[in-house]
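Below is one structure, written out as structure tokens, with a few remarks after it.
Protein chains in written order, with the numbering used here: chain A, 1 to 115; chain B, 1 to 117.
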């Protein structure tokens, strides 16, 4: 069955350091992968999308990589700040040619940036 | 606020009662999704609409669950004969059908938290 794994343990890092979050998947051929941020009691907020034929995407302090051979995406936040503390979710989509338009989400990784 | 709006934010009900949630998507968005999220888990897909047509339903969506989007704008999700296992956050999202391959970026509401006693 399809499985999307993210670190279940919370990630604690010091302010200013780079946070790296991992998303691994099995039994899935995504057309694209997205990363969302979710704060307690709120819905997820879209951050970045990367397609299957792309290796890396950047947006300000955020960087995502996508390795379809390893079936893995890495999400980096550089110069992290306490305001970056949240749960980060990866989500896979198959696009128009298979599986419809639904997103399949991982369990999320909680990030805590300490002063 | 022109984001996705969900009502109510919280609902407490007794086992066996029926509940209905409403979602108002971003006005120009023609796609609408319902997800369910339990503590410590990511959102799980339930169903999605393109305009008023319900195009996909998850196996998670038992016959006690029904969703509608009668005029292609707002949507309702009804749960009949609620069970304690239905306790969760119910999230609605909307997106705009893009040309070609597109991106399917989904915009989420704040959710309705259901507690079944």
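For every residue, glycine included, the Cβ atom is placed at its ideal position computed from N, Cα and C.
Remember, it's a predicted structure, so these values are computed and weren't measured experimentally.
Residue-chain proximity (residue i, chain A), Cβ-Cβ < 8 angstroms
i                      : result
residue 8 of chain B   : no
residue 119 of chain B : The structure shown does not extend to residue 119 of chain B, since chain B spans only 1 to 117, so no value can be given for it.
residue 105 of chain B : yes
residue 90 of chain B  : no
residue 40 of chain B  : yes
residue 111 of chain B : yes
C-beta neighbour in chain B for residue i, strict 8 angstroms
i                     : result
residue 42 of chain A : yes
residue 27 of chain A : no
residue 11 of chain A : no
Under 8 angstroms by beta carbon: chain C residues contacting residue i
i                      : result
residue 104 of chain A : Considering every chain present, this structure includes no chain C. Its protein chains are A and B.
Residue i: contacting residues in chain A (beta-carbon distance under 7 angstroms)
i                     : result
residue 31 of chain B : 101
Assigned exposure category for residue i - 16 Cβ within 10 Å defines buried
i                      : result
residue 51 of chain B  : exposed
residue 2 of chain A   : exposed
residue 114 of chain B : buried
residue 93 of chain A  : buried
residue 58 of chain A  : exposed
residue 4 of chain A   : buried
residue 86 of chain B  : buried
residue 50 of chain A  : buried
residue 70 of chain B  : exposed
residue 69 of chain A  : exposed
residue 93 of chain B  : buried
residue 26 of chain A  : exposed
residue 2 of chain B   : exposed
residue 88 of chain B  : buried
Proximal chain B residues relative to residue i, where beta-carbon distance stays under 8 angstroms
i                      : result
residue 107 of chain A : 40, 41 and 42
Exercise. With a cut-off of 8 angstroms, do at least 3 Cβ pairs link the region 9–24 of chain A to the region 72–81 of chain A?
Worked result: yes
Problem set entry | Any 3 or more C-beta pairs closer than 8 angstroms across the region 70–87 of chain B and the region 12–23 of chain B | yes
Exercise. Can we say the region 22–29 of chain B touches the region 27–46 of chain A, given the rule of at least three CB pairs closer than 8 angstroms?
Worked result: no
Problem set entry | Near-chain A residues of the region 49–72 of chain B (beta-carbon distance less than 7 angstroms), N- to C-terminal order | 55 and 56
Problem set entry | Contact list for the region 42–65 of chain A against chain B, Cβ threshold 9 angstroms | 42, 43, 44, 45, 46, 49 and 51
For this session: Decide if the region 103–114 of chain A is in contact with the region 31–45 of chain B; the criterion is three or more beta carbon pairs, one per stretch, under 8 angstroms apart.
Result: yes
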